[in-house]
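Worksheet: the structure to be examined is printed underneath.
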Amino acid sequence: MKKIIKYIDCDGVILDTEFGLFDEYNRLKNTGANIKRLTYLQQLDWRGWIRQAKIINDAISIIKENNPNDAEILTKVHSLSEGLAKIEYFRELGIKNNIILVPNDLRKSSVVQAKGNLLVDDSIKNLDDWFAHDGISLFFNADGKNESIFKEQITTNNQYPLISTLESVFSSETDKYCKQLILKK
Ligand SMILES: [Mg+2]
Numbered sequence: 099m100k101k102i103i104k105y106i107d108c109d110g111v112i113l114d115t116e117f118g119l120f121d122e123y124n125r126l127k128n129t130g131a132n133i134k135r136l137t138y139l140q141q142l143d144w145r146g147w148i149r150q151a152k153i154i155n156d157a158i159s160i161i162k163e164n165n166p167n168d169a170e171i172l173t174k175v176h177s178l179s180e181g182l183a184k185i186e187y188f189r190e191l192g193i194k195n196n197i198i199l200v201p202n203d204l205r206k207s208s209v210v211q212a213k214g215n216l217l218v219d220d221s222i223k224n225l226d227d228w229f230a231h232d233g234i235s236l237f238f239n240a241d242g243k244n245e246s247i248f249k250e251q252i253t254t255n256n257q258y259p260l261i262s263t264l265e266s267v268f269s270s271e272t273d274k275y276c277k278q279l280i281l282k283k
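If you read the sequence shown in our numbering, its first letter stands for residue 99, the second for the next number, and so on.
Below, the structure is given as structure tokens:
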């Protein structure tokens with residue numbers, strides 16, 4: 099059986115970069131500034147933003163405790179500077195895993211092969227696409243709730259196993275779950 103690659107999302111799974119992300123954007127909007135969401139994200143000081151973000155449920159330590167060949171970080175980026183900031187930050191913390199940047203306009207399944215591989219993500223939209231491409235999806239929520247914060251998409255998870263710590267990604271239960279799903283497909 100081929101090795102299952104475990105892809106781990108960054109924002110909302112490893113780092114709480116989404117908390118307060120649009121506060122400044124909303125403030126600017128309220129002052130009547132003509133700024134688009136995408137432009138705002140592209141121009142953000144990602145180096146600073148990533149460093150102020152909270153690490154979610156010990157994610158960095160858990161990734162470092164496990165073999166770097168067992169998981170890869172798969173993260174959407176709005177600009178190269180966002181990608182650079184993320185890679186720099188993870189390397190500074192001693193993370194040795196592969197880090198794959200997905201341009202925001204593309205799906206994760208367009209950049210890496212979903213089939214037979216695992217994706218841990220807090221976006222149901224990403225997980226639906228992954229699953230539609232024969233991937234194995236796990237829903238992440240830091241508080242153990244089956245709800246996502248993305249108001250522009252479906253916000254209730256009722257399809258994928260829920261995890262709230264990355265320890266679950268490296269557990270034998272998850273390995274068993276993956277093998278069962280692969281056999282079924
Ligand atoms: Mg995310």
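Backbone N, C-alpha and C define an ideal beta-carbon position, used for all residues, glycine too.
Query, Result
"For F268, the three-state DSSP class (helix, strand or coil)", "helix"
"L216 and I197 closer than 8 Å at C-beta", "no"
"Cut-off 7 Å between Cβ atoms - residues of its own chain near D168, not counting five sequence neighbours on either side", "K104 and F268"
"Cβ neighbour criterion (16 or more within 10 Å) applied to D227", "buried"
"Residue closest to V218, alpha-carbon to alpha-carbon, out of Q141, E250, T272 and K152", "T272"
"Segment contact, 8 Å Cβ cut-off, at least three pairs: the segment 177-192 with the segment 145-153", "yes"
"Contact test: D285 Cβ vs ligand 1 heavy atom, cutoff 7 Å", "A query on residue 285 cannot be resolved here, the shown segment of the chain reaching from 99 to 283 and no further."
"For P259 and D241, the rounded distance between their alpha carbons", "14 Å"
"C-beta contact flag for L264 and A157 at 8 Å", "yes"
"Rounded separation between K134 and N165 - CA only", "41 Å"
"Sequence-distant residues of its chain with Cβ nearer than 6 Å to I252 (five each side left out)", "I222"
"Nearest neighbour of I112, chosen from K127, N128 and I154 [CA to CA]", "I154"
"Any beta strand (DSSP E) of 3 or more consecutive residues that is wholly inside the segment 182-245", "197-201, 216-219 and 234-238"
"Top-ranked residue by Cα proximity to D220, from Q257, V209, Q211 and L236", "L236"
"Bridge partners - L113, DSSP secondary structure assignment", "D109 and I153"
"Straight-line gap, L119 to E245 (C-alpha atoms, nearest Å)", "19 Å"
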